[in-house]
Amino acid sequence: MKLTGYIDESINKDKRLFTVSAIVAEQMDWMWFEVDWETCFERVNRQLKKVGRTLISRYHASDFSNRKGEFTGWAKEELNDLAERLLNVLKMHSTKTISYTIDLFALAEAFPQWKNDPLRGGYDFLTAFLVREIGEWLGKCNNPEARVKLIHDRCQYNQTIQDSFQGLICNPSFRGRFYLETIEPSSWQECKLLQAADLVAYECMKDAETKMTPRNRRISLKLLLDMDSFGMTAKYIGSDEVYGIAKAWESHVEGLSS
Numbered sequence: 491m492k493l494t495g496y497i498d499e500s501i502n503k504d505k506r507l508f509t510v511s512a513i514v515a516e517q518m519d520w521m522w523f524e525v526d527w528e529t530c531f532e533r534v535n536r537q538l539k540k541v542g543r544t545l546i547s548r549y550h551a552s553d554f555s556n557r558k559g560e561f562t563g564w565a566k567e568e569l570n571d572l573a574e575r576l577l578n579v580l581k582m583h584s585t586k587t588i589s590y591t592i593d594l595f596a597l598a599e600a601f602p603q604w605k606n607d608p609l610r611g612g613y614d615f616l617t618a619f620l621v622r623e624i625g626e627w628l629g630k631c632n633n634p635e636a637r638v639k640l641i642h643d644r645c646q647y648n649q650t651i652q653d654s655f656q657g658l659i660c661n662p663s664f665r666g667r668f669y670l671e672t673i674e675p676s677s678w679q680e681c682k683l684l685q686a687a688d689l690v691a692y693e694c695m696k697d698a699e700t701k702m703t704p705r706n707r708r709i710s711l712k713l714l715l716d717m718d719s720f721g722m723t724a725k726y727i728g729s730d731e732v733y734g735i736a737k738a739w740e741s742h743v744e745g746l747s748s
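Under this note's numbering, the residues of the sequence shown are numbered 491 to 748, in order.
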């Protein structure tokens, strides 16, 4: 069984909450997924062209939600209609989604090496968490032939992501390493399926904000979680968890040096 996982990230306005999400499916499923995803944009662009409006080239969560870029001037009803169309694509296809959000402020305080660049620490941490959970999930699927290739959105932390991945799959105690082949960077121009991971990462980041400022869960995320075909795990690593990880790491290091 050959699978591909697409990974994208989202960060909130004050640069505190950082989310990385992965959507995994069999390669044949992705082929039909892309066809349906592109069909959504073709239909919307036909309508926009009729009235002489700017066509859209892709879904970009930040621009979409803030009505910027190609979504400037869009009415709320139009945004909701496109969101519903894209969510229906997710509903039609069987996928496995894993999402982690971490408090970067706590990470910078708990780990001095990341004080000046907590985002690098976020990529290091969350890549490892995602990869481990994907490997463990595949191990529970009872298919020893399963193999997954991971593709992430290209960014300035490509090497950090690669190092985190290699560190995990080279660890002999990690049984799930046998299911993981590679992790490689790409862009939305080269890989349109990254847009779906962008959608999920943004929604999970917004949901994590409710952990800090309680409010009702977004309707769009409720729709995602209610989809029978959309197997999703979303976890939040808050300040208490970050400090707990730091303390455990210090104990581990002390044990190695004693």
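For every residue, glycine included, the Cβ atom is placed at its ideal position computed from N, Cα and C.
Check                                                                                                        : Outcome
Proximity of N556 and L545 at Cβ, strictly below 8 angstroms                                                 : no
C-alpha distance - Q537 paired with P602, whole-angstrom precision                                           : 52 angstroms
Collapsed DSSP secondary structure at G726 in the structure displayed                                        : In the sequence as displayed, the identity of residue 726 is Tyr instead of Gly. The answer is strand: DSSP assigns Y726 an E or B state.
Cβ neighbours of R667 in the same chain (closer than 8 angstroms, five flanking residues each side left out) : G625, L658, I659, C660 and N661
S676, DSSP secondary structure in three states                                                               : strand
Nearest-angstrom Cα separation, counted from E599 out to E693                                                : 26 angstroms
Straight-line gap, R622 to V514 (C-alpha atoms, nearest Å)                                                   : 14 angstroms
Under the three-state DSSP convention, the category Y692 falls into                                          : helix
S589 and A691 closer than 8 angstroms at C-beta                                                              : yes
DSSP three-state assignment for I651, whether helix, strand or coil                                          : helix
Proximity winner among W564, K639 and K605, relative to R543 (alpha-carbon distances)                        : W564
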